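Chains A and B are the protein sequences, given in the same order.
Under the working numbering, think of the first position of the first sequence as 6, with each following residue one higher.
Under the working numbering, think of the first position of the second sequence as 21, with each following residue one higher.
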Amino acid sequence: MKYTEEHEWLLEDGDLVVVGITEHAAEQLGDVVFVELPEVGAEVTKDDEIVVIESVKAASDILAPLDGEIVEVNEALADNPGLVNEDAEGEAWFFKIKPSDLGPMDDYMDESAYKKFIA
Amino acid sequence: MTDLLRTPLHALHVELGGKMVGFAGYDMPVQFPAGIMVEHAHTREKAGLFDVSHMGQALLTGASMADIAAAFETLVPMDVAGLAEGRQRYGLFLNPEGGILDDLMFANRGDHLYVVVNAACKTADIARMKAALEPGVVVTTVTDRALLALQGPQAEHVLSGLNAAVLDMGFMDVATLSLDGVDCWVSRSGYTGEDGFEISVPERHAEPLARLLLNHEDVMPIGLGARDSLRLEAGLCLYGHDIDETTLPAEAGLGWAIQKARRAGGARAGGFPGAREVLAQLADGPARRRVGLRPEGRAPMREGVELFAEPEGGAPVGTITSGGFGPTVGGPVAMGYVPAGLSGEGTRLYGELRGKRLPVTVTALPFVAARFKR
């Protein structure tokens with residue numbers, strides 16, 4: 006698992022990368038009440054704002070961590086946004102992206118670096 | 021953050037795991053570990069305990085209640101003289117143009133008026149009252165008392181366990197009651213749309229009283245986050261958002277707060293700041309109105325979202341002044357100002373969110389029916 010400074014987790018799964026937000030981020034956000042997911046098939050560029058997350062407190066977004074194509078989104082989140090608070094680093098993944106280049110994954114933090122980052 | 025003020029319950033909030041944030045100069049809990057959704061639902065179903073000690077409390081004293089009332093009526097458009105002993109009323113401070121400077125509660129406590137004002141406005145409010153009322157009426161800021169709110173359908177049951185006299189209080193009644201051996205100034209009122217009480221307690225007794233209330237199985241500590249979602253569902257204004265110096269009472273939907281005695285033709289008509297503008301708007305009807313809005317779908321529309329009459333093109337017709345997710349409603353709710361012609365219930369408007377116009381429907385306020393004890 007890799008981590009971004011925007012508190013996303015990235016899990017390599019074959020030639021895909023699964024993306025979600027960390028438990029730390031979910032806790033900071035508070036109760037999530039709305040999630041807007043990208044379109045399947047969308048071509049995205051790193052740092053595009055592609056997911057909107059609204060908690061009872063505020064709106065925030067998820068940036069595309071890599072260039073690539075969105076190949077799957079977690080529709081369960083649209084009906085049950087609270088899943089983000091229940092299982093941020095498991096069931097509540099947001100989307101799967103097929104990166105045009107996996108190289109930038111090396112630039113992201115590993116778990117111990119992320120733990121230091123949020124400490 | 022070291023310059024943030026602390027209420028007498030600060031240590032208790034931290035002990036209870038409150039997530040502390042700066043609010044109106046105070047370090048306050050925005051939520052406790054249960055989270056805003058649970059805190060909100062608990063208040064609607066049982067009872068929630070809120071620390072509102074950041075709000076301003078003041079006493080107005082003078083030669084007689086008639087003198088105090090007459091003086092206070094020069095500052096607010098409410099019928100103060102007609103307020104019976106042991107009763108409380110909602111009030112407004114206005115500027116010379118009729119714009120709202122703050123909203124407040126005032127109570128006739130026999131030989132004095134007890135006034136509660138918003139935290140962010142309290143310094144200005146106290147200065148305004150002193151300038152306008154002294155020396156005939158003396159304005160004393162209450163700095164040695166905390167203010168708690170116990171809200172929810174079980175509030176009466178919980179508080180009557182400490183003093184059965186609360187059973188005799190109706191909505192907007194006030195009384196001095198002994199709670200846990202301490203004289204408290206209790207009012208049956210609140211900011212959630214639920215039955216409940218606000219309790220002014222000497223600061224050194226605040227934490228023991230809060231612990232005693234929290235010991236009851238029906239009572240949970242509630243932070244500012246749920247306080248906001250509860251008042252939004254109840255259709256209650258938040259000063260600085262839904263009302264401010266640019267809004268007059270009638271357009272804000274607060275005309276009910278101006279009693280007959282102070283209106284045109286009343287026994288003591290006018291005589292308050294902005295009277296001409298305020299009474300004219302009450303008589304003629306405002307050009308815009310504060311309304312409830314229900315966005316379709318799940319996306320919350322928050323303060324600042326612009327409203328349009330059409331799905332495409334045209335200039336904005338209004339703006340959302342508060343909005344968010346309504347846990348009891350189970351969807352997004354908002355309030356905002358729209359032209360009077362578009363303020364009818366069921367009118368379809370569009371809120372622009374992230375470049376997209378999404379439908380919203382003008383809806384009667386409150387979103388969740390009030391359950392006050394009349």
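C-beta atoms are modelled at their ideal positions from N, C-alpha and C, and glycine is treated no differently.
Since we're looking at a predicted model, the values are computed, not measured.
Among the options, which residue has its Cα nearest to the Cα of residue i?
i: Asp188/B; options: Val380/B, Phe217/B, Glu65/B and Asp203/B; result: Phe217/B
i: Ile50/A; options: Val61/A, Asp66/A, Lys62/A and Gly73/A; result: In the sequence as presented, Ile is not what sits at residue 50/A; that position holds Thr. Comparing Cα positions, the closest option is Gly73/A.
i: Leu369/B; options: Phe387/B, Ser342/B, Gly130/B and Arg314/B; result: Arg314/B
i: Val72/B; options: Gly290/B, Ala230/B, Leu36/B and Arg148/B; result: Ala230/B
i: Trp276/B; options: Pro49/B, His236/B and Tyr110/B; result: Tyr110/B
i: Ala83/A; options: Val57/A, Leu107/A and Thr27/A; result: Val57/A
i: Glu253/B; options: Ala67/B, Pro352/B and Leu378/B; result: Pro352/B
i: Tyr211/B; options: Asn138/B, Val239/B, Glu237/B and Leu233/B; result: Asn138/B
i: Val37/A; options: Lys120/A, Tyr8/A and Val89/A; result: Val89/A
i: Gly338/B; options: Pro331/B, Glu332/B and Val325/B; result: Val325/B
i: Tyr46/B; options: Leu32/B, Asp23/B and Met57/B; result: Asp23/B
i: Val194/B; options: Asp262/B, Arg148/B, Ala104/B and Pro155/B; result: Ala104/B
i: Ala147/B; options: Ala127/B, Asp164/B and Leu95/B; result: Leu95/B
i: Gly350/B; options: Ile120/B, Val159/B and Leu250/B; result: Leu250/B
i: Ala402/B; options: Asp264/B, Leu197/B, Thr267/B and Glu214/B; result: A query on residue 402/B cannot be resolved here, the shown segment of chain B reaching from 21 to 394 and no further.
i: Leu182/B; options: Arg309/B, Thr383/B, Ala44/B and Pro228/B; result: Pro228/B
i: Leu16/A; options: Gln33/A, Leu71/A and Gly35/A; result: Leu71/A
i: Glu11/A; options: Ile75/A, Leu21/A and Leu34/A; result: Leu34/A
Counting only Cβ pairs nearer than 7 Å, list the residues of chain B close to residue i.
i: Asp36/A; result: Gly55, Ile56 and Met57
So with CB distances below 8 Å, who are the chain A contacts of residue i?
i: Gly245/B; result: Gly35, Val61 and Lys62
Can you list the residues of chain A that residue i reaches, using a CB-CB cut of under 9 Å?
i: Gln108/B; result: In chain order: nothing, as chain A lies at least about 30 Å away.
i: Cys345/B; result: The question names Cys, but residue 345/B in the sequence shown is Phe. Per Cβ cutoff of 9 Å: Asp36, Val38, Phe39, Glu59, Ser60 and Val61.
i: Ser220/B; result: Neighbours of Ser220/B on chain A: none; closest Cβ ~29 Å, over 9 Å.
i: Phe249/B; result: Here residue 249/B turns out to be Ser, not Phe, going by the sequence shown. By Cβ distance, chain A contributes Val61.
Mind pulling the chain B residues with CB within less than 9 Å of residue i?
i: Glu44/A; result: Residues of chain B passing the Cβ test: none, with the nearest at roughly 13 Å.
Run through DSSP, which three-state label would residue i get?
i: Asp71/B; result: strand
i: Met21/B; result: Unreliable positioning characterises Met21/B in this predicted model, as indicated by a pLDDT of 47, which lies under 50. The coordinate reading is nonetheless provided below. Met21/B: coil per DSSP, three-state reduction.
i: Val178/B; result: helix
i: His132/B; result: strand
i: Tyr397/B; result: Since the first residue shown for chain B is 21 and the last is 394, residue 397/B is missing from the structure and cannot be characterised.
i: Pro336/B; result: coil
i: Gly102/B; result: coil
i: Glu32/A; result: helix
i: Asp248/B; result: helix
i: Arg282/B; result: helix
i: Met240/B; result: strand
i: Leu68/A; result: strand
i: Lys51/A; result: coil
i: Asp115/A; result: coil
i: Leu15/A; result: strand
i: Asp188/B; result: helix
i: Asp193/B; result: strand
i: Leu170/B; result: strand
i: Pro359/B; result: strand
Let's see if you can read the secondary structure: which residues bound the alpha helix (DSSP H) around residue i?
i: Leu153/B; result: Lys142 to Leu153
i: Gly275/B; result: Counting along the chain, Gly275/B falls outside any alpha helix (DSSP H), and DSSP gives it neither H nor E.
i: Leu11/B; result: Residue 11/B falls outside the range modelled here, since chain B spans only 21 to 394, and no answer is possible.
i: Asp200/B; result: Note, Asp200/B: premise wrong, no alpha helix (DSSP H); not H, not E.
i: Thr381/B; result: Not the alpha helix (DSSP H): Thr381/B falls in the beta strand (DSSP E), residues Lys376 to Thr383.
i: Ile26/A; result: Looking at the DSSP string, Ile26/A is not in any alpha helix (DSSP H); the run it does join, the beta strand (DSSP E), is Leu21 to Ile26.
i: Arg64/B; result: Ile56 to Glu65
What residues of chain B sit near residue i, judged by a beta carbon separation below 8 Å?
i: Val57/A; result: Ala319 and Arg374
By the DSSP assignment, the beta strand (DSSP E) with residue i in it spans what residues?
i: Val89/A; result: Note, Val89/A: premise wrong, no beta strand (DSSP E); alpha helix (DSSP H) at Leu88 to Glu91.
i: Pro228/B; result: Pro228/B -> not in any beta strand (DSSP E); alpha helix (DSSP H) instead, spanning Glu223 to Asn235.
i: Leu82/A; result: Careful: Leu82/A lies outside any beta strand (DSSP E), inside the alpha helix (DSSP H) at Ala81 to Asp84.
i: Thr396/B; result: No answer is possible for residue 396/B: the residues shown for chain B start at 21 and end at 394.
i: Glu449/B; result: Nothing about residue 449/B can be read from this structure; chain B reaches only from 21 to 394.
i: Leu32/B; result: Unbroken run through Leu32/B is the alpha helix (DSSP H), His30 to Glu35; no beta strand (DSSP E).
i: Ile75/A; result: Gly73 to Val78
So which residues of chain A does residue i contact, with C-beta pairs closer than 7 Å?
i: Pro51/B; result: At residue 51/B the sequence reads Gln, which differs from the Pro that was named. The contacting residues are Gly35.
Residue ranges of each beta strand (DSSP E) within the stretch 311-357 of chain B, 3 or longer: Taking 3 residues as the minimum length, the beta strand (DSSP E) runs contained wholly in the stretch 311-357 of chain B are 326-328 and 338-346, in order along the chain.
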